[in-house]
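Numbering follows the UniProt record's numbering, in which position 105 of the sequence shown is assigned residue number 105; successive positions increment by one, without gaps. Even glycine gets a Cβ: it sits at the ideal position worked out from N, Cα and C. The block underneath contains the structure these notes are about, expressed in structure tokens.
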Amino acid sequence: MGSYEPATAPANEINPPGVEQLVDLGAENRRCAESQLLRRPDARYRQAMRVTGTELTTVTGLAYRQARSGGGTESVRLPVQRLAVDRVPEGCDAVLVAGDLQGVAPSPYGGAAVLLGVALADHLAGWAQQGLVPPPDRLAVVLAGDLYSAPTADVRGASGDVADVWLAFAAAGCRLVTGVRGNHDVLGPSDLAGLDPAPTLLDGDAVEHGGVRFAGVGGIVGDPARPGRRAEADQLARLGRALATAPDVLVLHEGPTGSRPDQRGNPVIAERIRRGAPPITVCGHVHWPEPLSALGGGHVLNVDSRAVLLTPGR
């Protein structure tokens, strides 16, 4: 039986900038920084959680079935990867981030196929025994939405109840479970009650755990008459409220455009993130062949159809 050995975090070499150090970033960034520091007096003295690695390495994976483009179903594999960051919440060895888990897979506990996110949560204990991932009680989990699949995994864009995914991570003993709804997710805060601590659904607000602040906004920009969509002004207002909390990690379903042409996203959201400058933005909704991009002094990590362990290191 193996045991997970977390990497040693690098020494604190970065002094978080105060407002006076942000003048050269322009008036808009200065106003944003001033606003964040006024709302959060400790921000001047606190090191943010930042990406230090440049590549994702694959740790393990999980076979599942998903709806195939053009009809039917197909077997694919969910990569579980690792990316280095400078720090994680106190009491945790890693932060597991995942999104767009739109498929079904066998549970290691047997029985009928379950939602892919449930299977992922169910596999954590076994992987921890093999030394592949930290024990669940040393993990914080962040979900970026779109966690539903038709039971037959042959309907693209199916929508449905995803509470079981969130509750599976909580039942596995994960130290924190938080994140946002996707546009195909049916989920409300009351669906997550009953566990202590209960998972935290974000939508224009934030939660702090172990000295790391997570803020998030669910859904996508679109016709408000359709589920999981909001008018652009409403979505941007929620994004503004999330950014005003000065998060270390911003969690979105619909994310920004990246630096490469194949890193598709919402350019208006990209501009707001560039001005708000969160250290890490986690998103999904559309798949990026290369999941990491620099933006606004921070990094965007696209977790569409992947799970990534953020672990201390370089």
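The stretch 238-245 makes no contact with the stretch 281-298; the number of CB pairs closer than 8 Å stays below 3. Closest option to PRO197, judged by alpha-carbon separation, among LEU116, PRO189 and GLU74: PRO189. Listed in chain order, the non-local C-beta contacts of SER293 below 6 Å within the same chain comprise GLY258, SER259, GLN263 and VAL300, local neighbours out to five positions each way being set aside.
Annotation note: the stretch 205-238 contains the following uninterrupted beta strand (DSSP E) runs of length 3 or greater, listed N- to C-terminal: 205-209 and 212-217. Between GLY228 and ASP185 the beta-carbon gap is near 7 Å, inside 8 Å, which marks them as a contact.
DSSP, read as helix, strand or coil, puts HIS287 in coil. Between the alpha carbons of ASP93 and THR311 lies a gap of roughly 7 Å. In the three-state reduction of the DSSP assignment, ASP161 falls in the strand class, which pools E and B. A straight line joining the alpha-carbon of TRP166 with that of GLY296 spans about 31 Å. Note that the C-beta distance between GLY255 and ASN183 is not below 8 Å. According to DSSP, residue pairing for ASP304 in a beta bridge involves GLY99. Annotation for GLU254: the continuous beta strand (DSSP E) segment containing it runs 249-254. As the crow flies, the alpha-carbon of LEU239 is around 24 Å from that of TYR148. Rounded to whole angstroms, the separation of the alpha carbons of ASP234 and PRO224 is 10 Å.
About 4 Å separates the beta carbon of VAL180 from that of GLY216, a gap short enough to meet the 8 Å contact definition. At least 8 Å separates the beta-carbon of LEU250 from that of VAL59. GLU74 is bridged by DSSP to GLN66. Less than 8 Å separates the beta-carbon of MET49 from that of VAL212. No Cβ-Cβ contact shorter than 8 Å links ALA307 with VAL142. For ARG82, the closest C-alpha among the options GLY71, GLY72 and GLY61 is that of GLY61.
Leaving aside the five residues that flank THR200 on each side, the residues in its chain whose CB is nearer than 6 Å to its CB run, in chain order, THR178 and VAL207.
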